[in-house]
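Letter by letter, the sequence shown follows residues 1 to 469 in the UniProt record's numbering. Step one of this worksheet: look at the structure below.
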Amino acid sequence: MALVQQQAPTLFLSFEATQTLRDCHRVAPKDNGTLLRDAVAAARSYALWDYAGLATRDRKALEARLEELQRCDPGAKVSEDAFVAAVIHGARVGVPPRPRPKRLVDADASWEAYRARLEKLSLGSTRYDVAPGTPRAPSPPPPLDAAARRLPAAELAAFSPRAARAKEERGWERRKAAREAHVEKRRQDHLQRIRAEQEAEERRRAAAAGPARLLALANRAKDPIGDDDRRKAHRAIRAPDRQLVAEMLGKNSPVEVLRFVNAEVFGEHTQRLSPSGWLVDEVVNYYMFLLQERDALVCASDGSRKPCHFFNSFFFTKLLENGSYNYRQVKRWTKRFDLFSRSKVFAPVNVGNMHWCMVMVDVARKEVRYFDSMGAGGEPYLKAMKRYLEDEHRTKKGSELEGGWTLTRTTRDTPRQTNGYDCGVFASFCAHYMSLTEQLDFSQDDIQHFRIRMMVDILNKRIHTGGDV
């Protein structure tokens, strides 16, 4: 069945749109020819008409023409050229052709009768010496105007139909490249947006899991102790007084602030880790050094974390020597680092050689906090630490310490001891937990296990982390 021309407006399509129609015909299913409805369906499903160089009204007219052709004979098959012509000129399938009007020459029996009738119609001058069907001579080319005569041959060739078509094809290639670049940019933007959302979700999960992970790391101190480590710990606790049990050489430490610190623990010191022993400075200070090294490992695994600093027990002994405040005694203790760049600062307090407590400075919260397993407030040590911070800031920063600092006495959630000799273990593990998290997740029931754990950590020269850092 052939396509029949109907009275419909002609569409003026760009070269890109015409090429797209041909591409749609090529990709349509073929079974001994391409069905018109398949070619129309492929053209209607094409999603990039915006890049075919069509004006808005031409785009609407094209959509209406395709919808009109969709209603044609479903069994009609069309070639590529016929399909393009059907879209441009509005042809439809299955409509009988209109009868061709008879020409004037067909209505007469002879050429003489036709010529006589033309004279009656007064159609003007007519060449009667040329019989119908005689081929016409080619018309001479139009004369060049004055501007064209001045153009060289190369420039005249640029105005030829072939040059115009080549220029149109180059424009189509540029627009095609621009379209592909636009699609690729949108794809990259989409992928970048997906990656940003995934990274934000990972950061959110990491932030939510951070406190729980650090609390789990602190609770590694509660892990069961192996039989071999337990036997080594008991032998170290029963070692003779002058036997060297553990030694830390600062020059071998990866932590900068410990490079010039040496620590030794002898049998007379480890004996205090027995079930009812009262800890001495050497054991507490050695454990503070181990906490400093563990903090460096934690900061190395988390680049956003600020380090902590752990003073030894002689800090307050020097600061409050002979019962009076003396900043000059500890002024040089921070010459290798900036104290205010730390997140937290810990300083054990030996109260009259009879009781152990812990002072913590939370730099971010501007808080000085006291931990006492007997429940005392510790006002003298809180005030001394606050005054030390003021002098330190004035000396090292050249300005006064900002206001808004709070002094916090021992709170109710601080674990309490139920005897008179476990205070050193309580104070040490307040620093152990608070340097990682905000929860003091231990009690008197854990202290005997913590004593063995401290001895094992001192022998191994590292805090037990279970391989988490």
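Backbone N, C-alpha and C define an ideal beta-carbon position, used for all residues, glycine too. In this text, all values refer to a predicted model and were calculated from it rather than measured experimentally.
Going by alpha carbons, who is nearest to residue i out of the options?
i, options, result
"residue 363", "390, 354 and 378", "390"
"residue 32", "77, 182 and 244", "77"
"residue 332", "311, 351 and 409", "311"
"residue 306", "334, 244, 340 and 279", "340"
"residue 447", "303, 420 and 245", "420"
"residue 278", "461, 422, 432 and 440", "422"
"residue 334", "309, 321 and 320", "309"
"residue 465", "213, 41, 84 and 267", "213"
"residue 550", "242, 46 and 273", "An answer regarding residue 550 cannot be provided, because it is not within the stretch 1 to 469 covered by the chain."
"residue 356", "395, 384, 367 and 316", "316"
"residue 432", "351, 338, 453 and 171", "453"
"residue 69", "79, 460, 268 and 37", "37"
"residue 439", "415, 424 and 273", "415"
"residue 410", "380, 437, 460 and 223", "380"
"residue 460", "430, 81, 286 and 425", "286"
"residue 236", "417, 270, 337 and 191", "270"
"residue 175", "224, 115, 282 and 14", "14"
"residue 304", "343, 273, 112 and 272", "343"
"residue 167", "397, 192, 16 and 393", "16"
"residue 240", "230, 225, 222 and 272", "272"
"residue 383", "408, 375 and 393", "408"
Spatial neighbours of residue i within its chain, please: C-beta separation below 7 Å, excluding the five flanking residues on both sides.
i, result
"residue 318", "329 and 330"
"residue 387", "325"
"residue 59", "49"
"residue 463", "290, 291, 294 and 457"
"residue 84", "18, 21 and 22"
"residue 395", "331"
"residue 244", "264 and 266"
If you draw a straight line from the alpha carbon of residue i to that of residue j, how long is it in whole angstroms?
i, j, result
"residue 39", "residue 48", "16 Å"
"residue 457", "residue 184", "58 Å"
"residue 104", "residue 53", "At residue 104 the pLDDT is 49, less than 50, meaning the model places this residue with poor confidence; the figure from the coordinates comes in the next sentence. Cα to Cα, the separation comes out at about 45 Å."
"residue 205", "residue 442", "27 Å"
"residue 35", "residue 117", "49 Å"
"residue 353", "residue 313", "11 Å"
"residue 195", "residue 177", "27 Å"
"residue 261", "residue 247", "11 Å"
"residue 201", "residue 399", "41 Å"
"residue 232", "residue 467", "21 Å"
"residue 180", "residue 173", "10 Å"
"residue 189", "residue 203", "21 Å"
"residue 412", "residue 351", "21 Å"
"residue 373", "residue 193", "52 Å"
"residue 228", "residue 210", "33 Å"
"residue 29", "residue 56", "30 Å"
"residue 375", "residue 451", "21 Å"
"residue 378", "residue 371", "8 Å"
What are the residues that DSSP puts in a beta bridge with residue i?
i, result
"residue 264", "247"
"residue 355", "351"
"residue 360", "346 and 369"
"residue 34", "30 and 78"
"residue 314", "DSSP output for residue 314 lists no bridge partner at all."
"residue 309", "345"
"residue 408", "369"
Whose C-beta lies closer than 8 Å to the C-beta of residue i among residues of the same chain, with five residues either side of it excluded?
i, result
"residue 9", "61 and 90"
"residue 321", "329"
"residue 405", "366, 367, 368, 386 and 389"
"residue 63", "44"
"residue 164", "none"
Flag residue i as yes if its beta-carbon sits less than 9 Å from any beta-carbon of chain D, otherwise no.
i, result
"residue 379", "Chain labels in this structure do not include chain D; a single protein chain is all it has."
Give every residue of the same chain whose Cβ lies closer than 6 Å to the Cβ of residue i, excluding the five residues on either side of it in the sequence, and list them in chain order.
i, result
"residue 348", "284, 313, 358 and 427"
"residue 98", "In this prediction, residue 98 scores a pLDDT of 49, lower than 50, which makes its location untrustworthy; no coordinate-derived value is stated."
"residue 345", "309 and 361"
"residue 469", "297, 298 and 301"
Task: Inside the stretch 192-230 only - alpha helix (DSSP H) runs reaching at least 4 residues - done: Complete alpha helix (DSSP H) runs here, min 4: none at all.
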